[in-house]
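Colleague:
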Amino acid sequence: MEEQVVSAILISYDPAANQALKRQAFDYVTQLRQEPSAWQPCLNIFVQEPRPAEVVRVFCLEIVNNAVQAGLVDQQGLAVVKEQILSFLQRTHGPGTGPTTIDTPSTENKLASTITYLFCSFYASGWESCFDDLLALTSTQAGQRDNVNGVIFYLRVVNAIHDEIGDVLLSRSRPEQDKANSLKDLIRERDVQKIASSWQEILSQWRSNNDLVAELCLKAIGKWVSWIDISLIVNPPMLEILFQQLERAQQLGLAIGSEKARDSAVDVFTETVSKKMQPGDKMNLMTFLNLDTVVSQLISCPPLAASRGSSNYDVDLAETVAKLVNAAVVDIVKILENENSSSETWAKAERMLSSFLPHLLRFFSDEYDEVCSTVLNGMNDVLTFLRRASQGQPPSSQRAVMLLPILKAIFNKMRYDETASWGDDDEKTDEAEFQDLRKRLASLQQSIAASDEGLYIDAISALVHDTLEKLRTAGGQLNWRDLDLALYEVYLMGDLAGKGGGLYQKNKPNSPAAEKLDQMMLMMVQSNTGSFGHPAIQLQYMEICVRYSPFFEHHTEYVQGALQNFLQLAHHSSSKVRTRSWYLLQRFVRQLRAHLADAAEAVVQNLRDLLVIRAELPDEDDDDDGMSSDGESAADATFTSQLYLFEGVGCIAGAQNVPSDKQAQLVRAVIEPLFIDIQQNLERGKSGNEQAVLQIHHDIMALGTLARGFSDWVPGSSGPEPNAEVKQAFSQVCEATLLALESLKASSQIRTAARFAFPRLIGMVGSQMVQQLPQWVDGLLADSSSRDEMALFLRLLDQLIYSFKTEIYSFLDSMFTGLLQRIFAGISAATLGTDDEVELAELKREYLNFLVVILGNDLGSVLVSETNQPMFETIIGTLEHFSKDVDDYPTAKMAFQVMSKMCVTWGGPDVIGVGGQPNGNAAQPAMAGFDQFMISRFSPLSWAMASNSNFSRQDATARQVLQEAAGLQKTLYQKNGQNYISWLRDNELRSMGMSDTMIDEFLGTLSSAEMKQYKTFFARFVAQAGG
1 MEEQVVSAIL
11 ISYDPAANQA
21 LKRQAFDYVT
31 QLRQEPSAWQ
41 PCLNIFVQEP
51 RPAEVVRVFC
61 LEIVNNAVQA
71 GLVDQQGLAV
81 VKEQILSFLQ
91 RTHGPGTGPT
101 TIDTPSTENK
111 LASTITYLFC
121 SFYASGWESC
131 FDDLLALTST
141 QAGQRDNVNG
151 VIFYLRVVNA
161 IHDEIGDVLL
171 SRSRPEQDKA
181 NSLKDLIRER
191 DVQKIASSWQ
201 EILSQWRSNN
211 DLVAELCLKA
221 IGKWVSWIDI
231 SLIVNPPMLE
241 ILFQQLERAQ
251 QLGLAIGSEK
261 ARDSAVDVFT
271 ETVSKKMQPG
281 DKMNLMTFLN
291 LDTVVSQLIS
301 CPPLAASRGS
311 SNYDVDLAET
321 VAKLVNAAVV
331 DIVKILENEN
341 SSSETWAKAE
351 RMLSSFLPHL
361 LRFFSDEYDE
371 VCSTVLNGMN
381 DVLTFLRRAS
391 QGQPPSSQRA
401 VMLLPILKAI
411 FNKMRYDETA
421 SWGDDDEKTD
431 EAEFQDLRKR
441 LASLQQSIAA
451 SDEGLYIDAI
461 SALVHDTLEK
471 LRTAGGQLNW
481 RDLDLALYEV
491 YLMGDLAGKG
501 GGLYQKNKPN
511 SPAAEKLDQM
521 MLMMVQSNTG
531 SFGHPAIQLQ
541 YMEICVRYSP
551 FFEHHTEYVQ
561 GALQNFLQLA
571 HHSSSKVRTR
581 SWYLLQRFVR
591 QLRAHLADAA
601 EAVVQNLRDL
611 LVIRAELPDE
621 DDDDDGMSSD
631 GESAADATFT
641 SQLYLFEGVG
651 CIAGAQNVPS
661 DKQAQLVRAV
671 IEPLFIDIQQ
681 NLERGKSGNE
691 QAVLQIHHDI
701 MALGTLARGF
711 SDWVPGSSGP
721 EPNAEVKQAF
731 SQVCEATLLA
741 LESLKASSQI
751 RTAARFAFPR
761 LIGMVGSQMV
771 QQLPQWVDGL
781 LADSSSRDEM
791 ALFLRLLDQL
801 IYSFKTEIYS
811 FLDSMFTGLL
821 QRIFAGISAA
831 TLGTDDEVEL
841 AELKREYLNF
851 LVVILGNDLG
861 SVLVSETNQP
871 MFETIIGTLE
881 HFSKDVDDYP
891 TAKMAFQVMS
901 KMCVTWGGPD
911 VIGVGGQPNG
921 NAAQPAMAGF
931 DQFMISRFSP
941 LSWAMASNSN
951 FSRQDATARQ
961 VLQEAAGLQK
971 TLYQKNGQNY
981 ISWLRDNELR
991 SMGMSDTMID
1001 EFLGTLSSAE
1011 MKQYKTFFAR
1021 FVAQAGG
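Below, the structure is given as structure tokens:
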């Protein structure tokens, strides 16, 4: 069998093997993985001599490891595995072996995993001599750890054992964690002393003779220190050895192995300092280790000090030492926050923090962002502590001495590096990482502002003032990175300046921060910053102008200048600047449209060349580089940005202080070229030209966006509606859209564009649109319309009802039955996947919401008109079906809401008054017989879902369904009073098998409890009845 296993493995991993034979071999080895007893031949194959190919041995060892780890090997089998592996190790790693007898590092690590799984399986009982057996491999003579093969393998196992039972980042089940804790207890009880001694002996033996031994040993110490007695590590002999390892940091040009050993030595101190212990013990530990001096010596070592700023700078060492500094600072601050400030421990921690702040700043200001990021947590903790300590306290010079260097270091880190190339596609990842770092640094700035607002404001103001002064004198010679930093700080100042509810109150800055920001904005616009030649500055300038538009409302003399900058940048040669400026221009114009009336015509003329639409079909050969982050093609992204221009033009043309005739003139100047474009492309579109269809789609989208920018007014809202000339212009937009829709009704793209434009044109055309509604409906609902399109169309109808209410009664009445037939066909059509199921659920809810909107806007008579009466029973049938569907709780909930709305609409006046008392009225339904109809048809439904065995009362949405069902019952009682009580007692409840006691309890609560109280009761009652 062993030969067969070896052959199958070789064939399955041989790329040149016959494919049919390879499939057979692959099936065999797959079956082998699932065979519980496969570990036995695989173990024999792994340890046999001569050794098979490595791929065979690795595969077989994995089979053994999986079996041992999964508990498939009994105690007798574990003993067999252990004996054969130990015998193999003695031959390959024991005294007298050489480099040719051991495997590759990856195989050695898998073999270490084998020992680790055996250790976990029966170290507690059956292999108590585990560490003795492993240590025996390390020596050729007593007292010496001089067998390098055995030493390295022993250290691999020690590291692997920690990873299995001591790594706190490894997710474990409760039983697994309990077992790991038990094994650690056993190690501490039996073997930890000899293990710690072995580390000391190994480091003494191989001090600088073998970098791999040193690295593995130091890693083991760093890992185990978190869960063993610290005195095993922190003692004079061990510390002397550790300090000797740290001396490697004083050397330049180390080999990679020596660098790894050096960094591992630093990590030992980091893990030792991070070990959980009492605050007093922690401070004593840091003092005993003389940690401040250790870090100072590391910072001053040649790889970090003499090489700083050069290509020889050791970034890995810097990051490793930074990790040590961060760990120390985090623990120091934790002690300061939790200890009594009058205690000796707190005083020690305060002194230690003062000593470590320069170290923290050193790495925080490191030119490499990865080093800076390593100490961000420590810096954040320091600033949070200082902020809390400063609450209720006046600013102090002592605190300023600590905060100002940190703030200046933040400024330096926020500045683009001299080697950075803005906008370079090859550096997109670096740019994203830098922007993420900036956000984290901005958070630190906010902590400084909270600790000492005055210091923060003054420092920002000085930075911005000095930079803008240089801009005035040096102009384009100023380094763009300096100006970018200053503008970024101006942008961030708004987080503080706007806290009081805006920048200005009663025409004055509302805070010292707002006042400084006002001054900085004045300097920025007076310095002509918007004309600076670098794209990063131009974008930052526009972002600031948009964010601080209230500044321009208080300094209107600068509005025109800023607008000219925006218009120039809208034509920028860089597509990134150009397309972003289109969006920002729209924001700027919308916020300041009241001050731009005089420039309206000039703006439209300036932008006319940018309003020419050129639709581009996506290239099938485009790779990912041609796509934006959200999956848009470059052409789509450009058109999306172009729509912002149309919205901006609509905003400025629709400004109230633009004369009416001028408004219409500006609108026609934009829409008429689009009309011509639609007309020119219609015939090509009818013949199936995809580019022509896309061009018309874009034209319609642009027209709808122009309408959205011009006015937010809708029928029934307050505020001035568009004037007659403007309405006439947008009526032409409706006609052009309808022409395209009628001609290209089969195109989903055209329907999508028309559906986009439709609600935006309602406010621009007003009641004139009612006359066109049949054409809109005919165009928007094609035979090929999907469920999603139907759901979106229902939303449009909801908006129409809200806008025109009873004005569209005749329209609704005439199209209602046909529309519902389409909807019911869509609901009943088969679903072919998850997307279909989502669209179906959405259509059902939009249909029910459509009924609610009709009933809630005095249009309920549409449902029972002579035209639609035959459809009424079908509507009731859908409500009955949806209210019972345990697979769709949200729809069931809405179905009950519709039934309650019907009861309110047609049930007549309440016969039960406030407080649950009859008011003396008899039931007077608005429709003859509806009182008995709603009792007999609606009331039983409130129990139907809850009686379904698949109904889940624990589901929060299911409980909401019960509450709506209870609401329906309460509404039925309010409309029918005693008649409903009698029906429940004599028919409904009795037929459900309820006892008289339950019936009395239920009816008593229904008739006396308030709505909210009753809903809670009903859910509980149903649970009791069902349980």
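Going by full-length UniProt numbering, the first residue of the sequence shown is number 1, and it counts up by one from there. From the three backbone atoms N, C-alpha and C, an ideal C-beta is built for every residue, glycine too. Please read all numbers here as calculations on a predicted model, not as lab measurements.
Quick check on the DSSP output: the alpha helix (DSSP H) that includes R172 runs from which residue to which?
Modeller: Neither: R172 is in no alpha helix (DSSP H) and is coded neither H nor E.
Colleague: Check the DSSP bridge columns for I912 and list the partner residues they point to.
Modeller: P918
Colleague: Kindly identify the DSSP beta-bridge partner or partners of P509.
Modeller: Y504
Colleague: Quick test of your reading: D316 and E259, contact by CB under 8 Å. State the CB separation rounded to the nearest angstrom.
Modeller: Confirmed, Cβ separation roughly 7 Å.
Colleague: So, helix, strand or coil for D619, using DSSP?
Modeller: coil
Colleague: Does the contact criterion of 3 or more C-beta pairs under 8 Å hold for the segment 897-905 versus the segment 977-997?
Modeller: no
Colleague: Mind pulling the alpha helix (DSSP H) runs of 4 or more residues that sit fully within the segment 408-484?
Modeller: Here the runs fully enclosed are 428-451, 453-474.
Colleague: Tell me which same chain residues have a C-beta within less than 7 Å of the C-beta of V330, skipping the five on either side of it?
Modeller: N377, G378, D381
Colleague: Which of the three DSSP states is assigned to L376 in this structure?
Modeller: helix
Colleague: Do you know offhand how far T107's Cα is from I161's?
Modeller: The alpha-carbon of T107 is positioned some 17 Å away from that of I161.
Colleague: Counting only the same chain and skipping the five closest in sequence on each side, list residues whose C-beta sits under 6 Å from that of V273.
Modeller: A327, A328
Colleague: What would DSSP say about E128, mapped onto helix, strand or coil?
Modeller: coil
Colleague: In the segment 282-344, which residue ranges form an unbroken alpha helix (DSSP H) of at least 4 residues, counting only runs that do not cross its ends?
Modeller: 291-299, 315-338, all fully within the segment 282-344.
Colleague: Given that a residue counts as buried once 16 or more other Cβ atoms are within 10 Å of its Cβ, and exposed if not, what is F269?
Modeller: Flag for F269 reads buried.
Colleague: To the nearest angstrom, report how far apart R1020 and E370 are at their CA atoms.
Modeller: 57 Å
Colleague: Looking at the secondary structure, which residues open and close the alpha helix (DSSP H) in which K275 lies?
Modeller: K275 -> no alpha helix (DSSP H), and no H or E assigned at all.
Colleague: Between R795 and the rest of its own chain, which residues show a CB-CB distance below 7 Å, the 5 nearest in sequence each way excluded?
Modeller: If we look at R795 and ignore the five residues flanking it on each side, its Cβ neighbours are E846.
Colleague: At what residue ranges does the UniProt domain "Exportin-1/Importin-beta-like" (109-267) contain a whole run of the alpha helix (DSSP H), taking only runs of 4 or more?
Modeller: 130-135, 148-165, 174-190, 192-205, 211-224, 236-246
Colleague: Ends of the alpha helix (DSSP H) at P50?
Modeller: That residue, P50, is in no alpha helix (DSSP H); it is neither H nor E in DSSP.
Colleague: If D366 sits next to Q446, beta carbons under 8 Å apart, how far is it from one beta carbon to the other, in whole angstroms?
Modeller: At roughly 22 Å, the Cβ-Cβ gap does not stay under 8 Å, so D366 and Q446 are not in contact.
Colleague: Taking the alpha helix (DSSP H) that F882 falls in, what are its first and last residues?
Modeller: 869-883
Colleague: Near L569, which residues of its chain fall below 7 Å by C-beta distance, leaving aside the five closest residues on each side in sequence?
Modeller: Q538, M542, V577, S581
Colleague: Taking the C-alpha atoms as reference points, what is the distance between V911 and D931?
Modeller: 12 Å
Colleague: Assuming contact is defined by CB atoms lying nearer than 8 Å, are D551 and M521 in contact in what I supplied?
Modeller: Inspection of the sequence shows that residue 551 is occupied by Phe rather than by Asp. In contact: F551 and M521 (Cβ atoms closer than 8 Å).
Colleague: Roughly how many angstroms separate the alpha carbons of E988 and S942, rounded to a whole number?
Modeller: 11 Å
Colleague: Considering Q663, what are the terminal residues of the alpha helix (DSSP H) in which it resides?
Modeller: Q663 -> alpha helix (DSSP H) spans 660-686.
Colleague: Looking at the structure shown, is E721 part of a helix, part of a strand, or coil, going by DSSP?
Modeller: coil
Colleague: Short of 7 Å in beta carbon distance, which residues of its chain neighbour G913, apart from the five on each side in sequence? Order them along the chain.
Modeller: Shown here for G913: same chain residues with a beta carbon closer than 7 Å to its own, the five before and five after excluded, namely N919 in chain order.
Colleague: To the nearest angstrom, how far is the alpha carbon of G96 from that of N147?
Modeller: 8 Å
Colleague: Run through DSSP, which three-state label would P15 get?
Modeller: coil
Colleague: Counting only the same chain and skipping the five closest in sequence on each side, list residues whose C-beta sits under 8 Å from that of N723.
Modeller: S660, Q663, A664
Colleague: Distance cutoff 8 Å, beta carbons only. Does G1004 sit that close to anything in chain C?
Modeller: No chain C appears in the structure shown, which is made up of a single protein chain.
Colleague: Could you tell me which of S373, H572, S396, G423 sits nearest to K439, measuring between CA atoms?
Modeller: S373
Colleague: Give the straight-line distance between the Cα atoms of F710 and Q960, rounded to the nearest whole angstrom.
Modeller: 42 Å
Colleague: Given a threshold of 16 other Cβ atoms within 10 Å of its Cβ, counted over all protein chains shown, does W199 qualify as buried or as exposed?
Modeller: W199 counts as buried, since no fewer than 16 other beta carbons sit within 10 angstroms of its beta carbon.
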